[in-house]
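Chains as they are written, first to last, in our numbering: chain A, 1250 to 1427; chain B, 173 to 602. We treat Cβ as the ideally placed atom computed from N, Cα and C, and that holds for glycine. Working notes, beginning with the structure itself.
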Amino acid sequence: MLHALPFALLPSRVHEAQGSGRVIFAIWQAQRRPHAVWVRAKRQSEMPLFPGMTVIHAEGTDILWAAEEALRSMPRALVIAQPDQRLSLMAGRRLQLGAEAGGSTGLLLIRPEAGSPATETRWDCRPLAGDSTLHRWDLIKNKKGTTGSWTLDWDGTSAAFHMVSATGQRSGLAGQPG
Amino acid sequence: MQCLSLAAERAGLHRGMALADARAICPQLVTRPAEGIAKVQEILRRWAVRYAPHVAVDGPDGLIADITGAAHLFGGEEALRLDLHRRLDRAGFTSRSAIAGTRGAAHALARHGGTIPDLPVAALRIEPIMAEGLGRLGLKRVGDLLALPRAPLIQRFGPELALRLDQLLGRQPEPVAAPAAAPRFAVRMALPDPIGLHADVMAGLTRLLDRLCATLSRHQMGARRLRLELRRVDRATIPVEIGLAQPLRDPDRIARLFAPKLETVDAGFGIDALRLVATLAEPLAPAQMGSSPSQEDAMADLITRLGNRLGFHNILRIEPTDSLLPERSFRLVPATEAKPGPLPPGLPAVIFPPERVGGAPPDSFQWRGEKFESYRATGPQRIAPDWWEEDPAWASGLRDYWRVQTRQGPRLWLFHTPQAPAWYVQGQFA
Chain A
1250 MLHALPFALL
1260 PSRVHEAQGS
1270 GRVIFAIWQA
1280 QRRPHAVWVR
1290 AKRQSEMPLF
1300 PGMTVIHAEG
1310 TDILWAAEEA
1320 LRSMPRALVI
1330 AQPDQRLSLM
1340 AGRRLQLGAE
1350 AGGSTGLLLI
1360 RPEAGSPATE
1370 TRWDCRPLAG
1380 DSTLHRWDLI
1390 KNKKGTTGSW
1400 TLDWDGTSAA
1410 FHMVSATGQR
1420 SGLAGQPG
Chain B
173 MQCLSLAAER
183 AGLHRGMALA
193 DARAICPQLV
203 TRPAEGIAKV
213 QEILRRWAVR
223 YAPHVAVDGP
233 DGLIADITGA
243 AHLFGGEEAL
253 RLDLHRRLDR
263 AGFTSRSAIA
273 GTRGAAHALA
283 RHGGTIPDLP
293 VAALRIEPIM
303 AEGLGRLGLK
313 RVGDLLALPR
323 APLIQRFGPE
333 LALRLDQLLG
343 RQPEPVAAPA
353 AAPRFAVRMA
363 LPDPIGLHAD
373 VMAGLTRLLD
383 RLCATLSRHQ
393 MGARRLRLEL
403 RRVDRATIPV
413 EIGLAQPLRD
423 PDRIARLFAP
433 KLETVDAGFG
443 IDALRLVATL
453 AEPLAPAQMG
463 SSPSQEDAMA
473 DLITRLGNRL
483 GFHNILRIEP
493 TDSLLPERSF
503 RLVPATEAKP
513 GPLPPGLPAV
523 IFPPERVGGA
533 PPDSFQWRGE
543 KFESYRATGP
553 QRIAPDWWEE
563 DPAWASGLRD
573 YWRVQTRQGP
583 RLWLFHTPQA
593 PAWYVQGQFA
């Protein structure tokens, strides 16, 4: 069953996001939590500008290690990680256990087909052309509910946004594995 | 010139002389920077405690010790002085000393020698102007002053002169007050038999931590950096250091941080001594017991754990700076030192180093292998480089920034460099 606000990530779980708009999706999610931790590789050129979040520079497997430590220690926080390798089922399970133990929410920013089967939900995000700042966020995998697509208008300067399309469009039969 | 050797003084140099003048008089002068003098004085003061319990620093170049009741332990006052000079000469110091009944007299006699009435008036620790004034009146020796009636002296030169005379003669008390020793947060433990198992080392560490944290809480301080030194049987010492994001004096949390580092230590034939020292301590107010750990504590613990493995310079926060150049309007500072603040408006959600675009910007251009067509642009915002900095990224001069909405979706931050015509992308908006 989807949460009242469809793209508020389910807490105590780890989710994934792909697509050209995944960093913007992560920033939107971080604005809604009291604390955000972003684990990235130092040589990554793109820097999200979100003051108030803690940035952790790590390399290789240390990225997932730091993400797991942060998931275990920070209740009610959002832990965003940009791993540079494919995620295995084992790694995904470890992160899920960490999020459950710590009461925090995880969001992994991945390239397409590089995610783990253990993820709770997977989102595909991209910006849409238009007069205002439109985004399209598709829920393409959901362990506990249906998939769907939403279009919203959000300019990044505040937490306020405007939902453009209708919510919860079903694509496929209910209960079908994502 | 602050401190001179005997040979230097004989050559004509004096304290307060400029280095250039000194070198002119004595070309083969050997000099060292003067910042260490206070430290050396403190070391000598602590060493001099072997002679008397109260030793204080006396001016920039001396020590004063109250040896009442202690002289007989060295076989008399003269024997004490000889022992002092012998040890100081052996250490390479040139020194003069005197023993007298009052502090003022000892200070004066050590510097000028002779007897009390023959001391120059400058030895009374008065202002040089006052000494000059006394000299003009013909009062050059302390003996001359002692012969005069007190009241006109005070009227003419003020009460300070009378105070110094009384201190010299012992009519006014002037005790020697040694400063309290700064607390040292170090504990050590020697073991009768060498140990090597991780559990044993952790048990020894726990005992040391209990003692160290008790000392810290007595002084209301917490440790920020700790070093555990393990001395092996073959006399090698292995240091293990940890850092903390905020001052702590909780033995359990500190022991947990040492545990992973101790697993990789090679005990050799065994460890027979442990020493734990808090190399950096900061004030830590007493905390109420029983309160649940707050979010700040959880963040501090996380930063400590991650920092000890990844390095504290890799745990960062975004801090705004004063610069108007976009890529320098923020910087990443270590999380323990960051001062939060809002970023200037107009910055994109994601920023990256400028990437050149091809095609026919701004109407249609290629970026990262994709074609874009812009249909609306907001701007321009002209930013000029800092003329005092030679930044290669700004070698192309002024930048006109445009916020461009593309038909393909992304909303990009482009800039145009009119002085070397080209277009670049530097960021993406939400």
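Per DSSP, the beta-bridge partners of PRO492(B) are PHE502(B). Look at the stretch 1395 to 1407 of chain A: the residues with a C-beta under 9 Å from a C-beta of chain B are TRP1403, ASP1404, GLY1405 and THR1406. In the DSSP assignment, HIS1306(A) is bridged to ARG1289(A). Of the other Cβ atoms in all chains shown, fewer than 16 fall within 10 Å of the Cβ of ILE301(B); this residue is therefore exposed. According to DSSP, ALA1266(A) shares a beta bridge with LEU1358(A) and TRP1372(A). Shown here, GLU527(B) sits in a strand according to DSSP, grouped into three states. Under the three-state reduction of DSSP, THR409(B) is assigned to strand. One Cα belongs to ARG383(B), the other to LEU434(B), and the distance between them is close to 20 Å. Any Cβ of chain A closer than 9 Å to the Cβ of GLY208(B) would place that residue at the interface, and such an atom is absent.
Put simply, of LEU400(B), ARG477(B), GLY307(B) and GLU468(B) the residue whose alpha carbon is nearest the alpha carbon of ARG447(B) is LEU400(B). Under the Cβ criterion of 9 Å, GLY1379(A) is counted among the residues facing chain B. Cα atoms of LEU1338(A) and VAL359(B): separation of roughly 48 Å, rounded to the nearest angstrom.
Among the residues of the stretch 467 to 491 of chain B, those with a Cβ less than 9 Å away from any Cβ of chain A are GLN467, ALA470, MET471, ASP473, LEU474, ILE475, ARG477, LEU478, ARG481, LEU482, GLY483, HIS485, ASN486, ILE487, LEU488, ARG489, ILE490 and GLU491, in the order of the chain.
Taking one beta carbon from each stretch, the stretch 1266 to 1279 of chain A and the stretch 1325 to 1344 of chain A have 3 or more pairs nearer than 8 Å; the two touch. Judged by DSSP secondary structure, SER1261(A) falls outside any alpha helix (DSSP H); it is assigned neither H nor E. Here TYR547(B) is exposed. Its C-beta has fewer than 16 other C-beta atoms within 10 Å. PRO498(B) and ARG528(B) have their C-alpha atoms roughly 17 Å apart. In this chain, the alpha helix (DSSP H) harbouring GLY276(B) covers 275 to 284. The Cβ atoms of VAL348(B) and VAL437(B) do not sit closer than 9 Å to each other. Here LEU191(B) has MET173 and THR203 as same chain residues with Cβ atoms under 8 Å from its own Cβ, once five neighbours each way along the sequence are excluded. For chain B, the residues of the stretch 1305 to 1322 of chain A that bring a beta carbon within less than 7 Å of one of its beta carbons are ILE1305, HIS1306, ALA1307, ASP1311, ALA1315, GLU1318, ALA1319 and SER1322, in chain order.
Around VAL522(B), the beta-carbon contacts reaching into chain A at under 9 Å are VAL1272, ILE1273, ILE1276, GLU1295, MET1296, PRO1297 and LEU1298. When DSSP states are grouped into helix, strand and coil, PHE246(B) belongs to the helix group. Under the three-state reduction of DSSP output, GLU1317(A) falls in the helix class.
When rounded, the separation of the alpha-carbon atoms in GLU1318(A) and GLY1355(A) is 11 Å.
By the Cβ neighbour-count rule, GLN591(B) is exposed, with fewer than 16 other Cβ atoms within 10 Å of its own. A direct Cα-Cα distance of roughly 17 Å separates MET393(B) from LEU380(B).
Secondary structure of LEU309(B) (DSSP, three-state): coil. It is roughly 35 Å from the alpha-carbon of GLN200(B) to the alpha-carbon of ILE298(B). Note that the C-beta distance between GLN1331(A) and ALA1290(A) is below 9 Å.
Annotation: GLY599(B) is outside any alpha helix (DSSP H); the continuous beta strand (DSSP E) that includes it extends over 595 to 601. Contact with chain B is absent for ARG1281(A), since none of that chain's Cβ atoms lies less than 9 Å from the residue's Cβ. Take the alpha-carbon of ARG1343(A) and the one of HIS1264(A): they are about 13 Å apart. Put simply, the backbone Cα of LEU1313(A) is about 10 Å away from that of GLY1341(A).
Nearest in C-alpha terms to ILE1305(A), of all of ASP1311(A), PRO1297(A) and VAL1288(A), is VAL1288(A). Residue environment analysis places ILE1359(A) among the buried positions, since at least 16 neighbouring C-beta atoms fall within 10 angstroms of its C-beta.
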